[in-house]
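Dropping the structure here:
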């Protein structure tokens, strides 16, 4: 299905060649693009590492510590999917905290 926004969003799409030409002319845009890409890769790498070394409960605790606002805004089935667990497992973890 791809990405589905959970709130109002704006999306910008462009072809690579015009964007590349623009970055060639505006080096600050190129530097900003590389920083954005590096940040996204670090985030993905951290998430994958967490899935390998942390328990389901530890992943949930980390999410609560790092992004508590998401739990208020995002449906639990999406949080469970993001954390790599079933909604039932997330429900049990949340129940053990209460």
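Numbering (my numbering), first residue to last: 17 to 114. C-beta atoms are modelled at their ideal positions from N, C-alpha and C, and glycine is treated no differently. Just so it is clear, the structure is predicted and the values come from calculations on it, not from any experiment.
When the distance is taken between beta carbons, is residue j closer than 7 Å to residue i?
i, j, result
"residue 73", "residue 109", "yes"
"residue 93", "residue 103", "yes"
When you compare only the Cα positions, how much space is there between residue i and residue j?
i, j, result
"residue 46", "residue 38", "8 Å"
"residue 54", "residue 69", "22 Å"
Quick one, which of the options has its alpha-carbon nearest residue i's?
i, options, result
"residue 101", "21, 23 and 75", "75"
"residue 20", "33, 107 and 90", "90"
"residue 60", "28, 98, 111 and 23", "98"
"residue 79", "106, 58, 56 and 57", "106"
Once the 5 residues before and after residue i are set aside, which same chain residues still bring their CB inside 7 Å of it?
i, result
"residue 49", "39"
- prompt: Mind pulling the alpha helix (DSSP H) runs of 4 or more residues that sit fully within the region 22 to 73?
  reply: 32 to 41 and 43 to 69
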